[in-house]
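Colleague: If you scroll down you'll find the structure; I have some questions about it.
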Amino acid sequence: MTDAARPAFQPLNDLERLLMAAGSGGPADRAAFEAAVAGAELWVVPAAQDGAGEPAADVLRLRTAAGPDGRPATAVFTARERALQVMGPGATPLAFNGRVLLQTIRENPAVLNPGHGYGARWSPDAMAALIGQPNPAPRDRAPTHVARPASTPPGLVEALSRELAAEPAVKAAWLALARWSDGEEGFLLDVRAAAGEAAIPAPINRALAGVTLDARLDVVVGAPGEAPGAGLEIVAPRP
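By this note's numbering, the letter at position 59 of the sequence shown is numbered 65, and the numbering carries on one by one without gaps.
Here it is in structure tokens:
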């Protein structure tokens, strides 16, 4: 968790003191830091909307940093000052309760304090462990069967089409009838999204707000270049 090449890291809060202790201490110090994350205040930085310099009003896309495999990971910070030092004085960091934030972003990897001497790299499973809510086993995440639905809840297709088509980061989307290994049936929303941004699914939440959905709805997100999804076309593929 340390990087000797970085400038001296002076802790700004209790979480950072625990982070420093975890970086130079043993298992007990690391456990103390990890136990504190869920109740601490964490900071993220909204991404600009379409390069215009301002975040979208009600669709929160977050700035990313390179993860350990070189792919984008959500950038998370232990203090507002840390975010500004990395993202620049024009950034607008937002604070969230650690549990709420990790619950929301844990589908993608995250990097804590990128650009600083003390931080961490969190996989989706690591974030799930920090908040005490294990992710489903890999065999349970993907449905065993998908098909074109013969019928859908009233208003669902229309609402999803409206909200997702209005989101520039969404490059395509399909809605399929799905069945999982435990026998549960529901719907799978298969989305293709632009790389380089971590999207909090506000458009999906808005679409579902006015729909009565008495079935499971899982969302998977892939890169725009992946094969088309199954089921009903919600957003036609676009550049």
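Using N, Cα and C, we set each Cβ at its ideal position, and we do this for glycine too.
It should be emphasised that the depicted structure is a prediction, and the values quoted were computed from it without experimental measurement.
1. Starting from threonine 110 and walking both ways along the alpha helix (DSSP H), at which residues does that stretch end?
2. Do the CB positions of alanine 178 and arginine 244 come within less than 9 angstroms of each other?
3. Looking at C-alpha atoms only, which residue of Arg67, Arg86 and Thr84 is the closest neighbour of proline 78?
4. Using CA atoms only, rank isn't needed, just tell me which of Gly123, Gly104 and Arg212 is closest to glutamine 91.
5. I'd like the ranges of any alpha helix (DSSP H) spanning at least 4 consecutive residues and lying wholly in the stretch 104 to 186.
6. Taking DSSP's pairing of strands, which residues face phenylalanine 83 in a bridge?
7. Please say whether arginine 127 and alanine 135 have beta carbons closer to each other than 9 angstroms?
8. What are the partner residues of alanine 199, as DSSP defines its beta bridges?
9. Can you check whether the CB of aspartate 196 is closer than 9 angstroms to the CB of glycine 237?
10. Does the beta-carbon of leucine 18 have 16 or more other beta-carbons within 10 angstroms, so that it is buried, or is it exposed?
11. With DSSP collapsed to three states, give me the class of phenylalanine 193.
12. Spell out a yes or no on whether the stretch 148 to 157 and the stretch 170 to 187 are touching, meaning 3 or more CB-CB pairs, one atom from each, closer than 8 angstroms.
13. Would you call the CB atoms of glutamate 113 and tryptophan 180 closer than 9 angstroms?
14. Consult DSSP for arginine 222 and reduce its assignment to one of helix, strand or coil.
15. Going straight from the alpha carbon of threonine 35 to that of valine 176, what length do you get?
Modeller: The relevant details are as follows:
1. Within the sequence shown, residue 110 is the residue found at index 104, counting from 1. That run of the alpha helix (DSSP H) goes 104 to 111.
2. Along the sequence shown, one-based indexing puts residue 178 at 172. Along the sequence shown, one-based indexing puts residue 244 at 238. Note that the C-beta distance between alanine 178 and arginine 244 is below 9 angstroms.
3. Walking along the sequence shown from the start, residue 78 turns up at place 72. Restricting attention to Arg67, Arg86 and Thr84, the CA atom closest to the CA of proline 78 is found in Arg67.
4. In the sequence shown, the residue the question calls residue 91 occupies position 85. For glutamine 91, the nearest C-alpha among the options comes from Gly123.
5. 104 to 111, 130 to 136, 144 to 147 and 162 to 171
6. Within the sequence shown, numbered from 1, the residue matching residue 83 stands at position 77. According to DSSP, phenylalanine 83 bridges with Trp49.
7. Counted from its first residue, the sequence shown places residue 135 at position 129. Counted from its first residue, the sequence shown places residue 127 at position 121. Against a cut-off of 9 angstroms, the Cβ pair of arginine 127 and alanine 135 comes out as no contact.
8. Position 193 of the sequence shown, counting from 1, holds the residue named residue 199. Answer by DSSP bridge pairing, in chain order: Val176.
9. Walking along the sequence shown from the start, residue 237 turns up at place 231. Walking along the sequence shown from the start, residue 196 turns up at place 190. Yes; because the gap between Cβ atoms is below 9 angstroms, this pair is in contact.
10. Taking the first residue of the sequence shown as 1, we reach residue 18 at position 12. The residue is exposed, with fewer than 16 neighbouring Cβ atoms inside 10 Å.
11. What you label residue 193 is simply residue 187 of the sequence shown in a count that begins at 1. Phenylalanine 193: strand per DSSP, three-state reduction.
12. For the pair of segments examined, the stretch 148 to 157 was found to touch the stretch 170 to 187: the number of CB pairs separated by less than 8 angstroms reaches three.
13. Here the question's residue 113 lines up with position 107 in the sequence shown. Here the question's residue 180 lines up with position 174 in the sequence shown. For glutamate 113 and tryptophan 180, no; Cβs fall outside 9 angstroms.
14. Counted from its first residue, the sequence shown places residue 222 at position 216. Three-state DSSP puts arginine 222 in a strand.
15. Mapped onto the sequence shown, residue 35 falls at position 29. Mapped onto the sequence shown, residue 176 falls at position 170. First, the residue type needs correcting, since residue 35 is aspartate and not threonine in the sequence shown. Each residue's Cα considered, the two are about 41 angstroms apart.
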